[in-house]
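To start, the structure itself, in structure tokens.
Residue numbers (the numbering used here): 76 to 423.
Take a look at the structure:
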């Protein structure tokens with residue numbers, strides 16, 4: 076139940092035409108990575124500079140040896156294989172160096188995000204239960220789509236159901252109710268608490284709800300949300316890690332103080348690459364087309380492989396089509412990892 080923030084949100088198109096988007100795929104893959112950074116403390120690298128250098132040289136030698144053996148097996152000429160592999164060694168060295176540098180930057184960003192998440196939760200602990208809804212209201216107010224947020228407390232709570240709804244407002248034009256529950260230690264939100272929130276939304280005539288807690292949710296809560304969905308009410312659960320990620324998206328508190336390397340502007344080349352891949356992985360229909368074309372080309376290869384070397388071209392294009400089809404399927408599955416706010420968007 077560690078990641079209730081993103082678990083169980085399946086992509087539903089409702090019969091509408093759906094196009095894959097590389098930008099959306101990257102965004103949601105990045106969000107899953109951010110949640111993992113918040114939940115896992117980064118490991119310290121105990122290697123010295125000499126140790127890192129030895130690891131780099133050893134890895135480079137293994138890559139060179141593998142390339143040399145492959146070339147030797149293909150050509151059967153040791154001298155030519157050695158010369159070509161040494162020429163490729165410079166490219167391999169530059170590529171490996173770039174990979175290691177990017178990995179180091181990624182680790183630094185992970186540590187920065189983890190420390191920022193810990194500081195944010197320390198700030199949240201300063202607010203008792205009576206005031207927990209106040210920073211949540213400020214947080215949601217800094218997120219795109221929210222408007223008209225009002226705290227429901229004190230004399231404003233005129234009905235019994237209103238005691239379960241701390242914040243009311245609009246999300247992209249749709250009314251939404253928010254429950255804010257502050258928890259300490261390892262306390263878990265019970266299914267009964269979520270069920271009470273569901274009844275409150277139902278009595279208030281609201282079809283969308285956010286249950287935000289500084290703790291986590293117990294087993295059985297997902298069953299309550301499924302029952303609510305069948306009743307026409309969407310309840311999205313946000314635990315402590317989802318709360319940290321919302322704060323990151325809103326850029327409030329510690330996340331507004333420094334740049335953690337997330338959301339940098341894309342270059343023109345990256346935009347062109349995204350557009351190209353969006354075109355290649357255009358829609359679900361293309362998945363079937365790629366696989367059918369791959370099968371036909373592979374059939375052509377089987378028919379001609381004993382008669383001409385031209386059949387190798389059929390085999391190459393068959394493999395390319397299979398890879399394109401697999402890439403489209405990868406997009407479709409990764410896009411299913413939606414965040415709660417996306418699931419609350421009203422259908423057009």
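Every residue gets a Cβ at the ideal spot worked out from N, C-alpha and C, and that includes glycine. The model shown is predicted, which means the values in this text are computed figures rather than measured ones.
| query | result |
| --- | --- |
| Leaving out the 5 sequence neighbours to the left and right, which residues in its chain are closer than 7 Å to residue 163 when beta-carbon positions are compared? | 142 |
| On the three-state DSSP scale, how would you describe residue 337? | Residue placement at residue 337 is poorly supported in this model, since its pLDDT is 46, which falls under 50; the coordinates still yield a value, given next. Of the three classes helix, strand and coil, the one that applies to residue 337 here is coil, per DSSP. |
| Please state if the CB of residue 249 and the CB of residue 283 are separated by a distance shorter than 9 Å. | yes |
| Excluding the five sequence neighbours on either side, which residues of its own chain have a C-beta within less than 6 Å of the C-beta of residue 222, listed in chain order? | 245 |
| When burial is assigned at 16 or more other CB atoms within 10 Å of the CB, is residue 174 buried or exposed? | exposed |
| Measure the beta-carbon distance from residue 212 to residue 242 and round it to whole angstroms, keeping in mind my assumption that it falls under 8 Å. | 5 Å |
| Give the single residue among 269, 169, 252 and 271 whose Cα lies nearest to the Cα of residue 280. | 252 |
| Buried or exposed: where does residue 301 fall if 16 or more other Cβ atoms within 10 Å of its Cβ makes it buried? | exposed |
| Let me confirm a value: residue 124 is counted as buried when at least 16 other C-beta atoms fall within 10 Å, else exposed. Which label applies? | exposed |
| Can you tell me which of 151, 168 and 158 puts its alpha carbon nearest to the alpha carbon of residue 128? | 168 |
| Going by Cα to Cα distance, which pick from 161, 262 and 183 is closest to residue 314? | 262 |
| So if DSSP puts residue 255 in a beta bridge, which residue, or which two residues, is it bridged to? | 287 |
| Whole angstroms are fine: how far does the CA of residue 362 sit from the CA of residue 403? | 6 Å |
| Given a cut-off of 9 Å on the beta-carbon distance, is the pair residue 424 and residue 380 in contact? | Only positions 76 to 423 of the chain appear in the structure, and residue 424 is not among them; the question remains open. |
| Under a three-way DSSP split, which group does residue 374 fall into? | helix |
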